[in-house]
Amino acid sequence: MASVRDAIHADVALIKALKADGKGNLVYRKTARNFGPIMAAAAKHTIVQVSEIVPTGALDPENVVTPGIYVNSIVKVA
23 MASVRDAIHA DVALIKALKA DGKGNLVYRK TARNFGPIMA AAAKHTIVQV SEIVPTGALD
83 PENVVTPGIY VNSIVKVA
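Numbering (this note's numbering), first residue to last: 23 to 100.
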């Protein structure tokens with residue numbers, strides 16, 4: 023028997039992505055693509071760790087999985 027539950031809303035989401043542009047649009051690598059967009063949409067504040075920040079418009083729109091509207095902070099890690 024299935025039951026209906028309320029959606030989970032997090033205060034903060036910590037996400038790892040491959041690349042971000044200046045507006046916060048994200049491109050993922052491998053399985054990070056599965057839950058990253060869902061976590062970003064469910065959280066009040068999203069912090070993203072990326073390997074590279076590229077200029078706005080440099081990402082192929084077909085590869086952008088999470089739009090920048092869900093991203094609040096970007097941290098570049100070498």
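We put the beta carbon where it would ideally sit given N, CA and C, even for glycine.
- Apart from sequence neighbours up to five positions away, the residues of its chain that approach A63 with a beta-carbon distance below 7 Å are Y92, ordered along the chain.
- The alpha-carbon separation between A80 and A42 amounts to approximately 9 Å.
- Note on geometry: alpha-carbon atoms of Q71 and A32 lie some 18 Å from one another.
- In this structure, T88 places its C-beta atom within 9 Å of the C-beta atom of I37.
- Boundaries of the beta strand (DSSP E) around I69: A65 to V76.
- Distance from G44 to P77 at the Cβ level is roughly 6 Å; contact confirmed, criterion being Cβ atoms closer than 8 Å.
- Taking the Cα positions, G46 is about 28 Å away from D28.
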